[in-house]
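Quick note: the sequence shown, position 59, residue 58 per numbering that gives the first Met the number 0, numbers continuous. Before any comments, here is the structure.
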Amino acid sequence: MLTIDGSFGEGGGQIVRTSVALAALTGTPVRLVNVRAGRPRPGLQAQHVAAVQAVTTLCRGELQGAQLNSTTFTFRPGALQPGRYRFDVGDVRRSAGAASLVLQTVLLPLAVAGGESHVTIRGGTHVPWSPPADYLSEVFLPTLARVGLRASLRLPRAGYYPQGGGELELSVAGHAKLRGLSLAERHEPARLQLRITCSLLPDHIPRRIAARCQELLAEADLEVAVVQAPADSPGVCCFLLARYGEVLAGFTALGARGKPSERVAEECVEAFRQFEARAAPVDRHLADQLILPLALADGESRLRIERITPHLVTNLHVIRHFLPMVFNLEGEGETEGWLCLRGVDHAPEKRKTC
C-alpha cells in the first residue's frame with residue numbers, strides 16, 4: 000500500500016484529491032497521513048470527505064477513517080463504473096464546501112471509465128479558494144477538450160458562502176484517450192467576455208460591477224452578460240474570460256457583505272492585468288488543474304506558466320508517487336516558468352483495476 004504524507008509542500012486538500020483520483024485510476028491502494036496537518040483547521044473538511052466518498056462510490060472501493068477532521072484514512076479502489084451519480088457536500092456537513100473541487104476529483108476517473116456518465120454535485124459553486132462554475136465551463140473543460148477529454152457542465156443553481164446549496168450537472172463521455180498539449184504562446188490582443196452571476200441581490204449591484212469593469216477596460220471591446228441564477232442565499236461573482244485564440248484564461252472576484260460592487264470589479268480586472276503583464280499563456284490555476292490529465296496522456300506536453308505556485312510543485316510530487324512520468328520544471332518562488340512532461344499513456348486498455 001502506498002503512503003502519502005498530506006503535510007508535504009503546501010499541505011492542502013489538493014493532495015487528498017489527487018491521491019484518491021490516481022488511486023482509482025491506477026488501482027493502487029493508498030493511505031494518507033498528516034492530512035492538512037499545518038492548516039488552521041487540520042484534517043478533512045466537508046468538501047474533502049465528499050470528494051473521497053464520491054470516488055469510492057465510482058469504483059465500488061473501500062474507505063476507512065475518512066470522517067470530518069480525520070488526519071489519516073485508507074482507500075482501496077475497485078473497478079471504475081460509469082453511470083448516473085449524485086453527490087452532496089451538505090450530506091457531510093451543511094456548508095458551502097466547494098462542489099467544483101468534488102467535480103475535479105471525479106472528472107478524470109469518469110473520463111476513462113467505459114461509458115458515459117452524468118453527475119449532479121451539490122455544494123458551493125461560487126465560493127472562496129475554489130474555481131467557480133464559470134471557470135470550469137469556460138476555461139478548464141474547453142482546454143481539456145484539446146487533451147481529448149469530452150465533458151460538459153450546467154449550473155442549474157448557484158451556491159455561495161456561507162450556505163452553499165448550489166448545483167453542478169456534469170456529463171462525461173468516457174473512453175478518453177488523452178494526448179499531450181503544448182501551450183507556449185498566446186495571441187494578442189485578448190477578446191474579453193465578462194459574466195456576472197448574481198442571486199437575490201438588487202439589480203444595481205451587477206450594473207455597478209459591469210460599469211466599473213467597462214471603465215477599467217475602456218480600451219477593450221468588452222462583452223457583458225449578467226446571469227440571474229436561482230440560489231438559497233444572496234451572492235455575486237464577477238468572472239472575466241480572456242480568449243487568445245485557442246488559449247483561454249479566467250479571472251474571478253466574489254462579492255461579500257460590506258464589499259463595494261466597484262471593489263469586486265477592481266479585484267477581477269487587477270487579476271487580469273497581472274496575467275497580461277507576463278507573456279505566459281497558462282494562468283496559475285489552470286496549470287495546477289492540467290498536470291494530472293497531462294501526466295496520464297500519450298505524448299509530451301509543454302506549458303509556459305504565468306506563475307509557478309506551491310500548489311503546482313506539490314501536485315507534481317504526489318503524481319510521481321503513482322506514475323513514472325518524466326518532467327522538467329523551470330522556475331520557482333512564484334515566478335513565470337516552464338513545465339515539460341511526458342505522460343505515461345494511461346490508455347483504456349492499459350488501466351488496472353483491483
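Glycine included, C-beta positions come from ideal geometry on N, C-alpha and C. Computed from a prediction, not measured in an experiment: that's the story for all the values here.
#1: To which residues does DSSP link D202 through a beta bridge?
#2: Look at the Cβ atom of I290, then the Cβ atom of T334, and state whether they are nearer than 9 Å.
#3: At which residues does the beta strand (DSSP E) containing F86 begin and terminate?
#4: Return the Cβ separation of A49 and F86 in integer angstroms, given the expectation that the two are a contact with Cβ distance under 8 Å.
#5: Whose C-alpha, out of Y243, A78 and V235, is nearest the C-alpha of H125?
#6: So, are the CB atoms of G96 and G89 less than 9 Å apart?
#7: Taking the C-alpha atoms as reference points, what is the distance between P280 and G257?
#8: Which residues in the same chain as L318 place their Cβ atom closer than 8 Å to its Cβ, once the five residues preceding and following it in sequence are excluded?
#9: L152 to V246, Cα distance in whole Å?
#10: Have a look at the DSSP bridge pairing and note the partners of E61.
#11: Taking all protein chains shown into account, do 16 or more other C-beta atoms lie within 10 angstroms of the C-beta of P229, making it buried, or fewer, making it exposed?
#12: Express the C-alpha separation of G10 and R38 in angstroms, rounding to a whole number.
#13: Just grab the DSSP bridge partners of S300 for me.
#14: From the DSSP output, in three-state form, read off L309 for me.
#15: Between the Cα of Q357 and those of F139, V29 and S260, spot the shortest distance and give me the residue it belongs to.
#16: Helix, strand or coil for E222, going by three-state DSSP, please let me know.
#17: Tell me, please, which residues DSSP counts as bridged to S136.
#18: Near T313, what residues of its chain come up, given a Cβ to Cβ distance below 8 Å and the 5 sequence neighbours on each side ignored?
#19: Classify V29: buried if its beta carbon has 16 or more other beta carbons within 10 angstroms, exposed otherwise.
#20: Are the segment 185-197 and the segment 161-171 touching, with three or more C-beta to C-beta distances below 8 Å?
#21: Buried or exposed: where does H47 fall if 16 or more other Cβ atoms within 10 Å of its Cβ makes it buried?
#22: In whole angstroms, what is the alpha-carbon distance linking G385 and R303?
#23: Per DSSP, which residues does F250 bridge with? Please list them.
#24: Applying the criterion that 16 or more other CB atoms from any shown protein chain within 10 Å of the CB defines a buried residue, is Q44 buried or exposed?
#25: Along the chain, where does the alpha helix (DSSP H) that runs through R185 open and close?
#26: Can you give me the C-alpha to C-alpha distance between T55 and L106, rounded to a whole angstrom?
#27: Is the number of C-beta pairs between the segment 170-186 and the segment 122-137 that are closer than 8 Å three or more?
#28: Straight-line CA distance for R350 to R75?
#29: Just the Cα atoms here: how many angstroms apart are R206 and P41?
Short version:
#1: Translated into the one-based positions of the sequence shown, residue 202 becomes position 203. Looking at the DSSP assignment, D202 forms no beta bridge with any residue, so it has no partner.
#2: Position 291 of the sequence shown, counted from the first residue, corresponds to residue 290. Position 335 of the sequence shown, counted from the first residue, corresponds to residue 334. Going by C-beta atoms, I290 is not nearer than 9 Å to T334.
#3: The residue labelled residue 86 in the question sits at position 87 within the sequence shown. Per DSSP, F86 belongs to the beta strand (DSSP E) from R83 to D87.
#4: Within the sequence shown, residue 49 is the residue found at index 50, counting from 1. Within the sequence shown, residue 86 is the residue found at index 87, counting from 1. With a Cβ gap of about 6 Å, A49 and F86 count as contacting.
#5: Against the sequence shown, residue 125 aligns to sequence position 126. The shortest C-alpha separation from H125 is found at V235.
#6: The residue labelled residue 96 in the question sits at position 97 within the sequence shown. The residue labelled residue 89 in the question sits at position 90 within the sequence shown. In this structure, G89 lies closer than 9 Å to G96 by Cβ.
#7: For the purposes of this step, residue 280 is taken as the residue at position 281 of the sequence shown. For the purposes of this step, residue 257 is taken as the residue at position 258 of the sequence shown. Straight-line Cα distance between these residues: approximately 34 Å.
#8: Residue numbering aside, residue 318 sits at position 319 when the sequence shown is read from its first letter. This sequence places Ile at residue 318; Leu is not what is there. For I318, where only same-chain residues beyond five positions count, the Cβ hits under 8 Å are T17, L21, I290, L291, A294 and M324.
#9: By one-based count along the sequence shown, residue 152 stands at place 153. By one-based count along the sequence shown, residue 246 stands at place 247. Rounded to whole angstroms, L152 to V246 spans 19 Å at the Cα level.
#10: In the sequence shown, residue 61 corresponds to position 62, counting from 1. Paired residues: R75.
#11: Taking the first residue of the sequence shown as position 1, residue 229 is located at position 230. When all chains shown are included, P229 counts as exposed.
#12: As a working mapping, residue 38 is identified with position 39 in the sequence shown. As a working mapping, residue 10 is identified with position 11 in the sequence shown. For R38 and G10, the distance between alpha carbons rounds to 8 Å.
#13: Residue numbering aside, residue 300 sits at position 301 when the sequence shown is read from its first letter. L340.
#14: Taking the first residue of the sequence shown as position 1, residue 309 is located at position 310. A quick correction: the sequence has Pro, not Leu, at residue 309. Correct three-state label for P309: helix.
#15: Residue 357 lies beyond the stretch modelled for the chain, which goes from 0 to 353, so this question has no answer here.
#16: In the sequence shown, counting from the first residue as 1, residue 222 sits at position 223. Of the three classes helix, strand and coil, the one that applies to E222 here is strand, per DSSP.
#17: Working through the sequence shown from its first residue, we reach residue 136 at position 137. Bridge partners of S136: none, in fact.
#18: Your numbering for residue 313 matches position 314 in the sequence shown. Hits under 8 Å: F7, G8, E9, G10, G11, Q13 and I14.
#19: If you number the sequence shown from 1, residue 29 lands on position 30. The residue is buried, with at least 16 neighbouring Cβ atoms inside 10 Å.
#20: no
#21: On the sequence shown, position 48 is the one that residue 47 refers to. Its Cβ being crowded by 16 or more others within 10 Å, H47 is buried.
#22: Shown here, the chain extends from 0 to 353; a query on residue 385 therefore has no answer.
#23: One-based indexing of the sequence shown puts residue 250 at position 251. In DSSP, F250 forms a bridge with L239.
#24: Locating residue 44 in the sequence shown gives position 45, where the first residue counts as 1. Classification for Q44: buried.
#25: Counting from 1 along the sequence shown, the entry for residue 185 is found at position 186. Neither: R185 is in no alpha helix (DSSP H) and is coded neither H nor E.
#26: Walking along the sequence shown from the start, residue 55 turns up at place 56. Walking along the sequence shown from the start, residue 106 turns up at place 107. So the alpha carbons of these two residues sit roughly 13 Å apart.
#27: no
#28: Here residue 350 corresponds to residue number 351 of the sequence shown, with the count starting at 1. Here residue 75 corresponds to residue number 76 of the sequence shown, with the count starting at 1. The predicted model places R350 with a pLDDT of 47, which falls under 50 and marks its position as unreliable; any figure quoted below should be read in that light. Roughly 16 Å separates the two Cα atoms.
#29: For the purposes of this step, residue 206 is taken as residue 207 along the sequence shown, with counting starting at 1. For the purposes of this step, residue 41 is taken as residue 42 along the sequence shown, with counting starting at 1. The straight-line gap from Cα to Cα measures roughly 40 Å.
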